[in-house]
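Participant: This structure is in structure tokens; I'll ask about it shortly.
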Amino acid sequence: MDVVMYFLLLCLLATMSLIHGEDPYFFFTWNVTYGTLSPLGSSQQVILINNEFPGPNINSTTNNNLVVNVFNNLDEPLLFTWHGIQQRKNCWQDGVLGTNCPIAPGTNFTYRFQVKDQIGSYFYYPFTGLHRVAGGFGGLRINSRLLIPVPYADPEDDYTVLIGDWYTKSHSSLRKFLESDHSLGRPQGVLINGKSAKGDGKDQPLFTMKPEKTYKYRICNVGIKYSLNFMIQNHLMKLVEMEGSHVVQMNYDSLDVHVGQCYGVLVTANKEPKDYYMVATTRFTNTILQGKGIIRYTNGNGPPSPQILKAPVGWAWSLNQFRSFRWNLTASAARPNPQGSYHYGQINITRTVKIINSVSRGNSKLRYALNGISHVDTDTPVKLAEYFGIQDKVFKYNNISNNPPQSIGASIVEQPNVIKFEFRTFIEIIFENPEKTIQTYNLDGYSFFAVAIEPGTWSPDKRKNYNLLDAISRHTIQVFPKCWAAIMLTFDNAGMWNLRSENTENRYLGQQLYISVVSPERSLNDEYNIPTNCIICGNVKGLPKPAPYTITS
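Numbers -21 to -1, 1 to 532, taken from mature numbering (1 follows the signal peptide of the UniProt record, and there is no 0), label the letters of the sequence shown in order.
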């Protein structure tokens, strides 16, 4: 066979593999260890992934298959959760204690999942204990496929910006502090990609920009408790994407990024060529903390100006900014909410559930709760108990009321908190926050329509104020003090899904619950079988596995 014929044959085989093959696979091996760094100037223990802090950025494209082999070289059990990744039909890869047994020290586990029908900016972090306080987080981006245009020109480069409040004590010390019924208190600083510029002329730039070029910045709040206002000195940010949804594009001087949220913005290098600060400032706090990083023009000559625009004051400004966000209904891209409808405002509500957060110090014990129940993780993950049919020995469904009374300081019950939602029903969830601090909630496995946030308490007549046309499809929602928020979604992603406070202290001390969505057909059309490498623990250890699901016509 001559060279030309051989080349043509290779091209034909490549074309056939593209036509008939699976979506591409990408493999990662992570070695998770402790390390010693000084993010705020003093040495402390941090969690490293392949000796990196923050962890390595995962760069993927819609429908890619990701295989992440995690070696746990910590001295404690470990799980990673993939924040905002919907895990269609596959809660087995969610990486939370209600679905997965943790990875024991000295062992490994391989996550396998597909970033199905999603685009946008996300991140991952360790879910177990207070590990997130020590690091172990990193960016996860999903690019649009080449055949599907995005509603803006390709940027010169694409940067991930991980902002968050930071404690200087170790995660184990902070956990002991919480378990002795003390709050974590105020963080010591704010980091941007694991650093905070000192402004002494020795800081190296986090990012560089060429003059007159436009760059995409993916900004995620990976912190512990504080909302952060983010700005780039003297530069406007054009918001183009939020938690997997293209949005109606608007320019902002600054953006409030609440814990767990991610924004994608475009920034053009059209200012005087020199260094500029990117700034993350705490919001709704008595003591203002600030983290800075440097952006450098490639032809720049000069340090950043010490004059930094002050962050807004008060939550009303932040609420108004939320109201300015709109979903881009004309953008052509993978839709982040395949289970919902573009006409969600015309779907009849099947069920309304009101969720009210509370805190208690009964018997000098600090606990946080949702509807009076402070969730307690079980030795047997609730998903495994349900799958093996022994849930009655581990937990009870629906202990919370759909419409609980609003009261501050009410008694709290400690037990597993699991709600059961009927498959493929359209649910309205109301979050009410009677406290003086801001709350942020995340729901695994889904995107939902964030239709309203308003002051006061919710009642059915408030529905007249919902955005029923172009509310953004997203996976986190903030609830300001003495306010309520409403979300709507179709529960058609079968599995066991975690709804939690993004405040790490609140979540660790009980402010979370699990939502069971069971397909009555037990079909592979609706949910994948338990993985062959699934770690088995608790009461299901040694039990025979149930009959596997099959495809139904």
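Even glycine gets a Cβ: it sits at the ideal position worked out from N, Cα and C.
1) Contact check, Leu215 vs Asp235 under 8 Å by CB: the rounded distance?
2) Three-state secondary structure (DSSP) at Arg330?
3) Could you tell me how far apart the beta carbons of Pro184 and Ile274 are, in whole angstroms, since I believe they sit closer than 8 Å?
4) DSSP on Lys271, reduced to helix/strand/coil?
5) Three-state secondary structure (DSSP) at Lys195?
6) To which residues of the same chain is Asn200 closer than 7 Å at the C-beta, ignoring the five residues directly before and after it?
7) So what's Lys443 in DSSP terms, helix, strand or just coil?
8) By Cβ distance, which residues of its chain are closer than 6 Å to Asn508, with the 5 residues on each side in sequence left out?
9) Can you check which of these residues, Lys289, Gly272, Ala290, is closest to Pro282 by C-alpha distance?
10) Excluding sequence positions up to five away, which residues of its chain have a Cβ less than 6 Å from the Cβ of Phe374?
11) Per DSSP, Ser337 is paired with what?
12) Can you have a look at Lys520 and say buried or exposed, based on whether 16 or more other CB atoms are within 10 angstroms of its CB?
13) Determine the direct distance from the alpha carbon of Arg305 to that of Val226, and round the result to whole angstroms.
14) For Asn249 and Pro499, I'd like the C-alpha separation in whole angstroms.
15) Where does Asn316 sit, in a helix, a strand or coil, going by DSSP?
16) CA-CA distance, Phe6 and Asn38?
17) Hey, could you find the ends of the alpha helix (DSSP H) Trp296 is sitting in?
18) To the nearest angstrom, report how far apart Ile203 and Thr531 are at their CA atoms.
19) So within the region 201 to 230, which uninterrupted beta strand (DSSP E) runs reach at least 3 residues, ignoring any that extend past its ends?
20) List the residues that DSSP assigns as beta-bridge partners of Asp235.
21) Is Ser175 closer than 8 Å to Gly270 when the C-beta atoms are compared?
22) Tell me the DSSP secondary structure of Asp371 in three-state form.
23) For Tyr255, count the other beta carbons within 10 Å of its own beta carbon; 16 or more makes it buried, fewer makes it exposed. Which is it?
24) With a 10 Å radius around its C-beta and 16 neighbouring C-beta atoms as the bar for buried, classify Val46 as buried or exposed.
25) Do Pro56 and Ile82 count as a contact pair if the criterion is CB distance below 8 Å?
26) Taking Gly168 and Leu19 to be in contact with their CB atoms under 8 Å, please state how far apart those CB atoms are, rounded to whole angstroms.
27) Between which two residues does the beta strand (DSSP E) holding Glu433 run?
28) Quick check: what's the CA-CA separation for Gly489 versus Pro460?
29) With DSSP as the reference, identify every bridge partner of Cys462, one or two as the case may be.
30) In terms of alpha-carbon separation, which member of Ser297, Tyr420, Val244, Ala310 lies closest to residue 533?
31) DSSP three-state call for Cys80: helix, strand or coil?
32) Per DSSP, Tyr255 is paired with what?
33) Mark Leu75 as exposed unless 16 or more other C-beta atoms lie within 10 angstroms of its C-beta, in which case mark it buried.
34) Within the same chain, show all residues whose beta-carbon is closer than 8 Å to that of Tyr376, passing over the 5 residues directly before and after it, in chain order.
35) Taking the beta carbon of Ala290 as the centre, do at least 16 other beta carbons fall within 10 Å, making it buried, or is it exposed?
Facilitator: Short version:
1) Not a contact, Cβ separation roughly 16 Å.
2) strand
3) So it is a contact: roughly 6 Å between Cβ atoms.
4) strand
5) In the three-state scheme derived from DSSP, where H, G and I count as helix and E and B as strand, Lys195 is classed as strand.
6) Ile142, Gly143, Leu207, Val236, His237, Val238, Gly239, Gln240
7) helix
8) Pro527, Tyr528
9) Ranking Lys289, Gly272, Ala290 by Cα distance to Pro282 puts Gly272 first.
10) Val361, Pro395, Val397
11) Under DSSP, Ser337 forms a beta bridge with Ala348.
12) exposed
13) 6 Å
14) Computed Cα separation, rounded: 57 Å.
15) Annotation note: pLDDT 47 at Asn316 (below 50); position unreliable, no value reported.
16) 11 Å
17) 294 to 303
18) Between Ile203 and Thr531, the C-alpha separation is close to 44 Å.
19) DSSP runs (the beta strand (DSSP E)) wholly in the region 201 to 230: 207 to 211, 216 to 221.
20) Note: Asp235 sits in a beta bridge opposite Asn208.
21) yes
22) If DSSP states are grouped into helix, strand and coil, Asp371 belongs with the helices.
23) The residue in question, Tyr255, is buried, as its Cβ has 16 or more Cβ neighbours within 10 Å.
24) Val46 is exposed by the Cβ-count criterion.
25) yes
26) 5 Å
27) 427 to 434
28) The alpha-carbon atoms of Gly489 and Pro460 are separated by roughly 20 Å.
29) Asn412, Pro434
30) Since the first residue of the chain shown is -21 and the last is 532, residue 533 is not available in this structure.
31) coil
32) For Tyr255, the pairing in a beta bridge is given by DSSP as Ile274.
33) At residue 75 the sequence reads Val, which differs from the Leu that was named. Buried, since its Cβ has 16 or more Cβ neighbours within 10 Å.
34) Same-chain partners within the cutoff: Gln370, Val397, Ile398, Lys399, Ser495.
35) buried
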